[in-house]
Every structure is written in C-alpha cells, then in structure tokens.
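Q: For the sequence shown, position 119 matches number 121 in the working numbering, and the numbering has no gaps at all.
Ideal Cβ positions, reconstructed from N, Cα and C, are used throughout, including at glycine.
All values derive from a computational prediction rather than experimental measurement.
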Amino acid sequence: MKSDIAIVGGAGHIGLPLGMLFANKGKKVILYDKNKINVKKINDLKMPFMEEGGEALLKKNKKRIHATTDKKYLKFAKVIIVCIGTPVKNSKPDLAFFFKMFKEVKEYLKPNKLLIIRSSIYPGTCLEIQKFLGKKFNNIAYCPERVVQGKSIIELPKLPQIISGLSKKSITQSKSLFGLICKKIIITSIL
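#1: Would you check if the region 29-44 and the region 64-81 touch, i.e. whether three or more CB-CB distances between them fall below 8 angstroms?
#2: Can you list, in chain order, the residues of its chain with a C-beta nearer than 6 angstroms to that of Gly55? Leave out the 5 residues immediately preceding and following it.
#3: Distance check for Lys65 and Lys4, CA to CA, integer angstroms please.
#4: Quick check: the Cα distance between Leu111 and Lys77, rounded to an integer number of angstroms?
#5: Return the CA-CA distance between Met49 and Pro146, expressed in angstroms with no decimal places.
#6: Straight-line CA distance for Pro125 to Gly12?
#7: From which residue to which residue does the alpha helix (DSSP H) around Gln151 run?
#8: Between which residues of its own chain and Lys153 is the CB-CB distance below 7 angstroms, once the five residues before and five after are set aside?
#9: Tell me the rounded alpha-carbon separation between Val81 and Leu116.
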C-alpha cells in the first residue's frame, strides 16, 4: 500500500493522533507498530487508549489510515515519522532501543525520503542517526512532540511546531507537512 506518510510507533499516544490529523487533511497514512493488540483495535476503528475526539476522527478517516505490524510498508511511504518512546536511564534518554529500531527498519529507508524524528532525544542525536544510516541521509528533520497525552488532537493544531533539520530540504518539506495541521511553525537549529 502506497502512502504519503508512515509513522513508526503509529499505534501509540503520539503517533496515532498525529496520523489521524494528517489523514483528516487528506493524507494516506500507514501506522507501523509492533503492538498487535493496538494495531487490531485501530483497524477495527476502536481507539486503543483515551484520546479526546479520537474515535470520531479515526472513523471519519477509515479509508485513509491503516495500521500494520509489517515494516515493509515503510518502503512505500513518501515520508517516515518516528514516534517511538525513549526510555530514560540515569536522567538521560536511553537511545539503545531507538537505534535498535533503526537497525530493524534500515533497509526500508531511502536517502531521498524525508525522515522526521518526533521522539524525545537529546541534542546531536539526529547527527548520530545520519552517521548510523550513512552520509547520504541528510533529509532528516527533528520535529519534537509537545502535547499532553490524551489531548493531542486538540493541542497539536494550537501549539507552535518546532522544526529543525540537517538540510534546507528537510526543513522546507517538514514545514510544508506540519503546516497542514499546525497554525504556527518555528524554525530552529538542529542542535
């Protein structure tokens, strides 16, 4: 299935509301997640957790959103957004799980596609991701999430979206994408 956007961690509290908002703007969205229970619930048009306005938005966009546990769908997306949780260890983000995910999906990522990191990471991590994926991967943006769990659908359009990237192209593409669902965009340095 070709899609405009694939969201890694798409069945979670950050990825699912984001995917539904993009679907509501006409984008075809794939939600990739390892949580089989949440994936099934989403495809059955049931919210796997509390999200204000979530179930109505999911049902409204049922033709533009699909959840899957099959990572091969990442290959067919124009944009990939990473929304996986980042565990904290000794008061710092533990990126071992984060890079394990990149190792698992690396074969489906392409340098010309926009890769947006939305997970909580520390400054410099996008450069480490580029180093891990290869120098050709300069179309990486960091667009952090800043919402209260359960209120994402309400807050995302109201809050300014911070955008940074490794290239002008990644910033321009991210700005265009998030401009669909956010009223204000703030561009900043990747660090």
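A: Taking the structure as given:
#1: yes
#2: Ile155
#3: Answer to the nearest angstrom: the Cα atoms are 13 angstroms apart.
#4: 7 angstroms
#5: Taking the straight line from one Cα to the other gives about 23 angstroms.
#6: 23 angstroms
#7: Segment: none, Gln151 is in no alpha helix (DSSP H) and carries neither H nor E.
#8: Glu54
#9: Distance from the CA of Val81 to the CA of Leu116, rounded to the nearest whole angstrom, comes to 5 angstroms.
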